Amino acid sequence: MNKLITTLYLFLLVAGYSCDSAKISEPEWQNPLQQLKVYSILEVGDYIWIGTDYGLVRFDKSNTDTTLYDTQNSGLPHNHAITLAADDSQCIWIGAGNSALVRFDGVHWSVFDMENSGIPSNTISDIAIDTQGNMWIGTSDGVAFFDGENFTNYNTDNSQLPSNTVTSVALTKSGKLWVGTWGNGVGVYHASKWTVYNTTNTVMQSPYIFDIAVDKDDRIWIGEGGGLNLVSGTSWKNYNTLNSGLPNSDVTNLAFDRNGHVWLGTYEGGIADFDGKRWTVYDMANTLLPSNQITAILVDQQNNKWIGTRFGLFLFNEHGIRLQ
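Numbering (my numbering), first residue to last: 6 to 329.
Here it is as structure tokens:
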């Protein structure tokens, strides 16, 4: 616990310095949370929420206050905050280890598990919220649809979902649900019908899906075990280590900056910035990253890149870090 207090204190000092300092024109790297494994990062208003293996950290960008929520001082049933999402009321939804889906409204904690709800599994991998406020929840036993009261579950027994081991869920502007699975490619659910994409009917190189993200133009980006896939309409393109500047085949995380660049994390190749033509790679050889295994990426409103690794959280901006 002393180690955690020390790292949170360092986070406070570093963030405070960044907020008060003048804008810096040179690239800047900082290591706010050392040694903690970061699972997920979320921005809600002035707050950055960070899911770690020690609990859920809330950082206030307006005054640099930092709060840790764990099983000792909150309603979290597990300290591993694997995935995070926010609804229109700015309530935080957390996939807590292999224990439950958790809702936090800033005061009260609500826990949804297999014992007290219709959720099909306590292991939550990803959460997507549609324009109506409904939730699509990726689990180890299929996809759950939650309307705030009832759960409707989709699995390989009652639907054409290609696998029950769901790793990622993402929604397009047109309302299509893209579901990444571990070992069986991608399933797309729309108008009560499923379409399956895999290595046999697309350019995908691997059936193991790490992450799916939708950009501002409603294009689909898929990080998989064989590279990065871009889906635009009916067109598919695969970027891999042989035909592009991608540093590693396992693309684990995806995010977009305000310039339209794709930022992607890899399992052992660090991170890459892709502007559609050029690739810029950041790894242990040319930065302060302690690990090339990237676990989470968030681009905030100030275009800072929050990068989660096995050994801490790193903050990066090509033009200097500004929190406000």
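Ideal Cβ placement from N, Cα and C applies to all residues, glycine included.
Every value quoted in this text rests on a predicted model; they were computed, and no experiment measured them.
Closest residue to residue i among the options (Cα-Cα distance)
i, options, result
"N158", "W141, T172, S173 and S130", "W141"
"N86", "Q306, I227, N127 and F321", "The sequence as given places Ala at residue 86; Asn does not occur at that position. Among Q306, I227, N127 and F321, the Cα nearest to that of A86 is on N127."
"W226", "T205, G281 and G250", "G281"
"I326", "R315, D162 and V304", "V304"
"G274", "L251, D222, G192 and K221", "L251"
"A301", "D131, N84 and D75", "D131"
"I53", "N309, G143 and R315", "N309"
"N264", "G270, V171 and D278", "D278"
Straight-line gap, residue i to residue j (C-alpha atoms, nearest Å)
i, j, result
"V267", "Q95", "26 Å"
"N103", "N297", "26 Å"
"G60", "T71", "13 Å"
"F261", "K178", "16 Å"
Under the three-state DSSP convention, the category residue i falls into
i, result
"M209", "coil"
"T71", "strand"
"V112", "coil"
"I276", "strand"
"N169", "coil"
"M289", "coil"
"D131", "strand"
"D216", "strand"
Close-in-space but distant-in-sequence residues of the same chain around residue i (CB under 6 Å, 5 per side omitted)
i, result
"G123", "F156"
"N203", "G190 and P212"
"V62", "I55 and L73"
Buried/exposed call for residue i, threshold 16 Cβ in 10 Å
i, result
"A290", "exposed"
"V112", "exposed"
"S173", "buried"
"D162", "exposed"
"G180", "exposed"
"L259", "buried"
"T239", "exposed"
"F319", "buried"
Cβ shell of residue i (< 7 Å), same chain only, five flanking positions each side left out
i, result
"S164", "W199"
"S249", "W284"
"W241", "T207, V208 and N234"
"T136", "none"
"T314", "V43, L294, P295, S296, Q298, I299 and T300"
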